[in-house]
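So the protein sequences, as listed, match chains A and B. Following the numbering used here, the numbering of the first sequence begins with 385 at its first residue and continues without gaps. Following the numbering used here, the numbering of the second sequence begins with 385 at its first residue and continues without gaps. One structure is given below, encoded as structure tokens.
2 protein chains.
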Amino acid sequence: MSDSHPRGSVAWAGHGIRVARAALTRLMEPADMPGLALIEALGPEEALALIESTVDSDATVEREVTEVLAAAGTRRWSGLAEALTRWRPRLVDIAPQRDLDTVRRFGGGLIIPEDDGWPQALHDLELGAPIALWRRGTRTLFPEQSRCIAVVGSRDCTSYGANVTAEIATSLVQRNFTVVSGGAYGIDAHAHRGALAVASGASALMAGGSPSLPLTKRESEAQPPTVAVMAGGVDRFYPSGNDELLHTITEQGMVLAEVPPGTNPTRYRFLQRNRLIAALCQATVVVEARWRSGALNTAHHAATLSRMVGAVPGSVYSANSAGCHRLLKEGAAVCVTDAADIAELAGSIGEHLVDEPTGDDALYDGLGTQDLLLLDALPLRTATTVDKLCVVAGLSAQTVLSGLGRLEVMGLAERLASGWKRRIW
Amino acid sequence: MSDSHPRGSVAWAGHGIRVARAALTRLMEPADMPGLALIEALGPEEALALIESTVDSDATVEREVTEVLAAAGTRRWSGLAEALTRWRPRLVDIAPQRDLDTVRRFGGGLIIPEDDGWPQALHDLELGAPIALWRRGTRTLFPEQSRCIAVVGSRDCTSYGANVTAEIATSLVQRNFTVVSGGAYGIDAHAHRGALAVASGASALMAGGSPSLPLTKRESEAQPPTVAVMAGGVDRFYPSGNDELLHTITEQGMVLAEVPPGTNPTRYRFLQRNRLIAALCQATVVVEARWRSGALNTAHHAATLSRMVGAVPGSVYSANSAGCHRLLKEGAAVCVTDAADIAELAGSIGEHLVDEPTGDDALYDGLGTQDLLLLDALPLRTATTVDKLCVVAGLSAQTVLSGLGRLEVMGLAERLASGWKRRIW
Chain A
385 MSDSHPRGSV AWAGHGIRVA RAALTRLMEP ADMPGLALIE ALGPEEALAL
435 IESTVDSDAT VEREVTEVLA AAGTRRWSGL AEALTRWRPR LVDIAPQRDL
485 DTVRRFGGGL IIPEDDGWPQ ALHDLELGAP IALWRRGTRT LFPEQSRCIA
535 VVGSRDCTSY GANVTAEIAT SLVQRNFTVV SGGAYGIDAH AHRGALAVAS
585 GASALMAGGS PSLPLTKRES EAQPPTVAVM AGGVDRFYPS GNDELLHTIT
635 EQGMVLAEVP PGTNPTRYRF LQRNRLIAAL CQATVVVEAR WRSGALNTAH
685 HAATLSRMVG AVPGSVYSAN SAGCHRLLKE GAAVCVTDAA DIAELAGSIG
735 EHLVDEPTGD DALYDGLGTQ DLLLLDALPL RTATTVDKLC VVAGLSAQTV
785 LSGLGRLEVM GLAERLASGW KRRIW
Chain B
385 MSDSHPRGSV AWAGHGIRVA RAALTRLMEP ADMPGLALIE ALGPEEALAL
435 IESTVDSDAT VEREVTEVLA AAGTRRWSGL AEALTRWRPR LVDIAPQRDL
485 DTVRRFGGGL IIPEDDGWPQ ALHDLELGAP IALWRRGTRT LFPEQSRCIA
535 VVGSRDCTSY GANVTAEIAT SLVQRNFTVV SGGAYGIDAH AHRGALAVAS
585 GASALMAGGS PSLPLTKRES EAQPPTVAVM AGGVDRFYPS GNDELLHTIT
635 EQGMVLAEVP PGTNPTRYRF LQRNRLIAAL CQATVVVEAR WRSGALNTAH
685 HAATLSRMVG AVPGSVYSAN SAGCHRLLKE GAAVCVTDAA DIAELAGSIG
735 EHLVDEPTGD DALYDGLGTQ DLLLLDALPL RTATTVDKLC VVAGLSAQTV
785 LSGLGRLEVM GLAERLASGW KRRIW
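What follows is the structure, encoded as structure tokens:
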């Protein structure tokens, strides 16, 4: 094997599927379709072995990968030889066992598609599903898609966006949803904090208090209030200003990434990370976003995956709401103003009904046209006769009499010795 | 004739269609479907003659009215005799010639369906179209539906709603639209004022200045900047606090009502007035409305008539935006944030394109995945080699080289003696 592996110090193929997938997450960028097709065609270990070998072309493999790509809608690719020259320079950097040890030391692990705990929602990404997910935090089970809501938005949020986000996140957790976001500044951070505020009570969060470890199996498998899906490795929290927040998430929730420990976030990885957030969640809600914003990218991923998308409206003068309004204008999102709307959006129809605020006019809602005409005709101060009411309301005497009876029962009209008047409450 | 007309002092049937319709607007409440069916079946003069007579039943008329109502979707009605007892008590009040003289003195008139100037858009109300429209103001021609936008909302608007309304109305008039509203406090008043601000220049409006009368025919037939459709008579401005505003509208625009002079607005008449506003306009825009609001009634009328409905978003904390958000949530309205959106909504697609605000990210929009990966990999400070870029970006040497060429052309990468780095602007 060493002959066929001139660059790296150890050949990792043959160390098992988990190790192979761990290694492949370092060799391939997220959503590297030819790479994912190679893994699909050969399996993770064979795929890694091929990359570790000196073989530059293989007609059978080439054909299989081409077929997998074609089935996924990719008709053209640059071929196996070219792809191998992309992956092989990174062989010198792979150390999957060290990476696995690193996350284990953090109390984390690697979730692979072969695991029972693999989020089934990721299958909707089809060939674009991640090779594996690096996990960190006390919670070990990613919740079912139906219980996950992505709450995302711009980094430079307004105080309006911060407030709405915090309230929505808190209320979603109270409704047994997990709030998924990207761990960034702004809306993301407020979403995570709002979710944590329920889980721990404000005091533990403020004090940065840590629950006593280790948790029981039942505790560790409890639904996390919040999950941060990172564009870089789970060992290096980005941005550094959210370091404490992200540590709190590991204590009470979960941090995930498809890139291995030590990986820096890049623009490309942020965009691909967004597809994971969208895929993992039943609905994606954009609280604030500029006309162009990464959050819109997440929303579009969600729409592509036939997930529900919600947008929170705001002032037409706020550039930070322009992206949300854009989604609404384009029909790409549904207008949501609170957690109840979002719960409804997440599809639990009937379980979470929108509470209709009541207004002053509610009293008149049940009235028919003729009773409404009659009510309008009834004087407020001095009582009037049925004949006069007929003229004013434009109704027959019979209609007026029966209508007065109904209005009296409803407490809207009263009969005095001198005639009828409106009853004021 | 006097035998068959015991109540009123004069029998008005036989004085022509205009006089008959003028009289009928006083006998029948707006959208009195049996009454409108009677007019449809017999014509205005015959219908009025029947009401003025002592005839209490007529099998032929009864059958014809029933047929007209059935064709309009009304399967049951209380019959001719009952309807006559509704209309006849008001015969003592009719004085159509006096009413016509009154509005003529105000420089107004009566627009009837038989006139060339009858708004064709009202035909969409089918049987529910008004009997006639009482008009007041220097402008005599109601504009085509395609040039009319209804801007409506709650009476107790916020300063946010006031600002948005004024800006939208001004900008709509600048785009050659007529702003139609209901002359009420709040959003309605700001809509009218915003529209007048363009027509007259701010100075004339502030000074309450009146244009020199009479206008030429061409001037009087010019498109009015704004039209107020009232729930009461055009001779009594309601609410009284808007008296000066409504007078200004008569000087530079038009005031309309389907009820005759001297009529008070009632709840029922407000609701029916809303159907006129909706029917007259290409699109109805709700700027601010509470969860229950008359403006939503206008919006629903518009939707029923297959007119476009727009809603302006606002803070989720503002009760005055809750009705707008309700329309958006229910899919009953399109999100609009400015006059350009509304112009687009009004259907002149292509004529009024939404200007897409440009953002920082625009620079990268054209980049393919591989160039984006490469851009992410390029160092900001110290130049790096192509080999190193292959490892960092996960791209083949060939792809890196061609990508660097493209990025260099775009001004995003620069070549130094020591290698390549990102170019910062």
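For every residue, glycine included, the Cβ atom is placed at its ideal position computed from N, Cα and C. Quantities reported herein were computed from a predicted structural model and do not represent experimental measurements.
{"Query": "Extent of the continuous alpha helix (DSSP H) to which ALA433 (chain A) belongs", "Result": "428-436"}
{"Query": "Nearest residue (CA-CA) to ILE808 (chain B), options B:ARG765, B:ALA781, B:GLN558", "Result": "B:ARG765"}
{"Query": "Cβ of GLU466 (chain A) within 9 angstroms of any chain B Cβ", "Result": "yes"}
{"Query": "In chain order, each beta strand (DSSP E) run of at least 3 residues that lies wholly inside the segment 429-510 of chain A", "Result": "493-495"}
{"Query": "Exposed unless 16 or more other CB atoms sit within 10 angstroms - verdict on GLN504 (chain A)", "Result": "exposed"}
{"Query": "Within chain B, partners of LEU434 (chain A) - CB distance below 9 angstroms", "Result": "Here the premise fails: no neighbours, minimum Cβ distance about 16 angstroms."}
{"Query": "Beta-carbon neighbours of VAL770 (chain A), restricted to chain B and to distances below 8 angstroms", "Result": "Correct list: empty, because the minimum Cβ distance to chain B is about 11 angstroms."}
{"Query": "Element boundaries [beta strand (DSSP E), containing GLY803 (chain B)]", "Result": "803-806"}
{"Query": "Counted within 10 angstroms of its Cβ, other Cβ atoms place SER565 (chain B) as buried (16 or more) or exposed", "Result": "buried"}
{"Query": "Close Cβ partners of ALA641 (chain A) (< 8 angstroms) along its chain, the five nearest in sequence each way excluded", "Result": "LEU517, TRP518, VAL613, MET614, ALA615, GLY616, GLY617, VAL618, THR647, ARG657"}
{"Query": "Given 8 angstroms, three or more beta-carbon pairs between the segment 684-694 of chain B and the segment 705-721 of chain B", "Result": "yes"}
{"Query": "Partners in chain B for TYR544 (chain A), counting only beta-carbon separations shorter than 7 angstroms", "Result": "SER699"}
{"Query": "Buried or exposed by the 16-neighbour rule on C-beta atoms within 10 Å, applied to GLN558 (chain A)", "Result": "exposed"}
{"Query": "Local Cβ density within 10 Å of GLU728 (chain B), reported as buried at 16 or more and exposed below that", "Result": "buried"}
{"Query": "Within chain B, partners of ALA781 (chain A) - CB distance below 7 angstroms", "Result": "THR469"}
{"Query": "3-residue-minimum beta strand (DSSP E) runs that sit fully inside the segment 535-570 of chain B, ordered along the chain", "Result": "562-565"}
{"Query": "Where TYR701 (chain B) falls, given that 16 or more other Cβ within 10 Å makes a residue buried", "Result": "exposed"}
{"Query": "Nearest to GLU448 (chain B) (by Cα), restricted to the options B:SER437, B:LEU464, B:VAL439", "Result": "B:LEU464"}
{"Query": "Status (buried if at least 16 other CB within 10 Å, exposed otherwise) for ASP483 (chain B)", "Result": "buried"}
{"Query": "Sequence-distant residues of its chain with Cβ nearer than 7 angstroms to GLU429 (chain B) (five each side left out)", "Result": "ALA397, GLY398, ILE401, ALA404"}
{"Query": "As assigned by DSSP and simplified to three states, the class of MET692 (chain A)", "Result": "strand"}
{"Query": "HIS389 (chain A), buried or exposed, once every other Cβ within 10 Å from all chains shown has been counted against 16", "Result": "Any answer about HIS389 (chain A) is weak, because its pLDDT of 45 lies below 50 and its placement is not dependable; what the coordinates show is given next. Per the 10 Å Cβ criterion, buried."}
{"Query": "Start and end residues, beta strand (DSSP E) containing GLU798 (chain A)", "Result": "797-800"}
{"Query": "Status (buried if at least 16 other CB within 10 Å, exposed otherwise) for LEU800 (chain B)", "Result": "exposed"}
{"Query": "Beta-bridge pairing of ILE533 (chain A) - partner residues as DSSP gives them", "Result": "A:VAL563, A:ALA667"}
{"Query": "Chain-order list of residues whose beta-carbon lies under 6 angstroms from that of ALA777 (chain A) (same chain, five-residue window excluded)", "Result": "LEU757, LEU758, ALA761"}
{"Query": "Residues from the segment 471-482 of chain A in contact with chain B, defined by Cβ distance under 9 angstroms", "Result": "TRP471, PRO473, ARG474, VAL476, ASP477"}
{"Query": "Where SER543 (chain B) falls, given that 16 or more other Cβ within 10 Å makes a residue buried", "Result": "exposed"}
{"Query": "LEU796 (chain B) versus GLN782 (chain B): straight-line alpha-carbon distance, rounded", "Result": "19 angstroms"}
{"Query": "LEU517 (chain B) - containing beta strand (DSSP E), residue span", "Result": "517-520"}
{"Query": "8 angstroms contact criterion, which ALA406 (chain B) and PRO480 (chain B) should meet: CB distance rounded", "Result": "4 angstroms"}
{"Query": "Bounding residues of the beta strand (DSSP E) (the contiguous stretch that carries VAL639 (chain B))", "Result": "638-641"}
{"Query": "DSSP state of ALA404 (chain B) mapped onto helix, strand, coil", "Result": "helix"}
{"Query": "Selected residue, minimal CA-CA separation from LEU453 (chain A), among A:LEU420, A:THR632, A:GLU798", "Result": "A:LEU420"}
{"Query": "Neighbourhood of ALA579 (chain A) by C-beta, 6 angstroms cutoff - its chain only, sequence neighbours within 5 removed", "Result": "ALA553, VAL557, VAL563, PRO609, THR610"}
{"Query": "C-alpha gap between ARG474 (chain B) and ASP440 (chain B), whole angstroms", "Result": "16 angstroms"}
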